[in-house]
Amino acid sequence: MQSDGADVYEVLQRAQRAGLFIGHVPKIVECLRGPERRSVVMEYIEGPTLSEYVSSGSISPAAMKYLFLQLCTAVRELHECINPPVIHRDLKPSNIIISPSGPQLIDFGIARLWHEDAECDTTHFGTRRYAPPEQFGFGQTSVRSDIYALGKVLFFCLTGRQPPNAMDVSSCEEAGVVHSIARVICKACAFDPRERYASVRELSSAVSSLPQQAWMKRPGPNSSGHPAPFDSMVNQAHGAFSNMRGAASSFIRMLRRIPRWAGAIWNLLLLCNWFLCILGSQFAIFYPNAFDTALPFWFRVMEYDLLTVVAPAAIVSILLDKRGLWKRIPVLRNCGQLQVCLVGTGVIVMCFTVTVCASLIALPKP
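Position 236 of the sequence shown, counted from 1, bears residue number 236 in the UniProt record's numbering, the numbering being contiguous throughout.
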């Protein structure tokens, strides 16, 4: 692959190892540099491409709205969660996999990082129907270049046809797209990047605000003109889930702006509190109160060590600022923040479950 694309894979790998939540990109296992070529080992994503999914005709327009909003979330993660933003530059139906967890973006072979001082890209290529004009030498590609491609993808999702090179409202309506959605598509696909939506968030907001009737299937021989009730229910539930994920991503980006020295002080406070928990638990085990004296010694050890040592240790592991730790111990980068949270939560639940079960044996019967 060419240089920019290989650099993007390395940036994605570093971001994933640092615990950055990028839920719609395959996990990058390894990036290998050779004298003349670079190789990338990544997660295999099971599922049809968006092109195959739309061609199967198994999704209603109402559910398609949810799918496209998820796709916007995927692109927004690249633009907002990584600094400088990652520009995919080759968004098209065949580079989007529909997995059980949602759309996954693949093929970052011509992706690049945004360079503020650049006037144009060093390489000019992409899929003609989906690539914006600036990608062929008319300027530097930016987040608005991916917005252009998303507009073309939206046209394909609604019509099942390859989009025309130049988009206008009349051509969209001739293809069966309602006027309100056609206007959104044409703004996203404007020739001048300054006339497009300024961000994927703006495009997503415009799509979300469209009336539900705009996404309903037009009446035909086998259609009542209304989406299936299940599609609407899933659309609403997953829309709320997407908003929660967006809020979580924003919160994580805010935490990453906290200075390292503040994170070190926070870690010291957490460890001091955990140390106090250890001292308190040992004191309670060997110098029990009147009620605990009647309990077996083994139960006191289990109760206090699990609930005031092990469980708090899991909480501390979740709350620690791990930036310095990951930098000093690279092998820990493979344990992202999500995995730490899941394991920590599992340990806490296990501690309480074991303690409750042991209390059924050790506590005196009434």
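Cβ atoms here follow ideal geometry from the backbone N, Cα and C, with glycine treated the same way.
In this text, all values refer to a predicted model and were calculated from it rather than measured experimentally.
- Rounded to the nearest angstrom, the gap between the Cα atoms of residue 26 and residue 106 is 7 Å.
- In the three-state DSSP reduction, residue 162 falls in the coil class, being neither helix nor strand.
- Within a 10 Å sphere around the beta-carbon of residue 261 sit fewer than 16 other beta-carbons, which makes this residue exposed.
- Taking C-beta atoms under 8 Å as the contact rule, residue 86 and residue 153 fail to qualify, at a distance of about 17 Å.
- Using a 10 angstroms sphere on the CB of residue 60, the tally of other CB atoms reaches 16 or more, which defines it as buried.
- Between residue 149 and residue 131, the beta carbon gap of about 7 Å places them in contact (Cβ cut-off 8 Å).
- Taking the C-beta atoms as reference points, residue 200 is found no nearer than 8 Å to residue 81.
- Residue 35 is positioned such that its CB atom lies no closer than 8 Å to that of residue 70.
- Separation of residue 298 and residue 324 (C-alpha to C-alpha, rounded to the nearest whole angstrom) is 38 Å.
- Residue 142 is positioned such that its CB atom lies no closer than 8 Å to that of residue 89.
- Annotated as proximal: residue 285 and residue 300, with beta-carbon spacing under 8 Å.
- Residue 356 places its beta carbon 8 Å or farther from that of residue 310.
- Per DSSP, residue 140 lies in no beta strand (DSSP E) and is assigned neither H nor E.
- One Cα belongs to residue 67, the other to residue 203, and the distance between them is close to 14 Å.
- For residue 342, no pairing in a beta bridge is given by DSSP.
- Residues of the same chain with a CB within less than 7 Å of the CB of residue 159, apart from the 5 flanking positions on each side, are 175, 176, 177 in chain order.
- In the three-state scheme derived from DSSP, where H, G and I count as helix and E and B as strand, residue 40 is classed as strand.
- Bridge partners of residue 32 according to DSSP: 39.
- Annotation: the continuous alpha helix (DSSP H) that includes residue 317 extends over 311-319.
- About 5 Å separates the CB atoms of residue 49 and residue 94; that is less than 8 Å, so the two are in contact.
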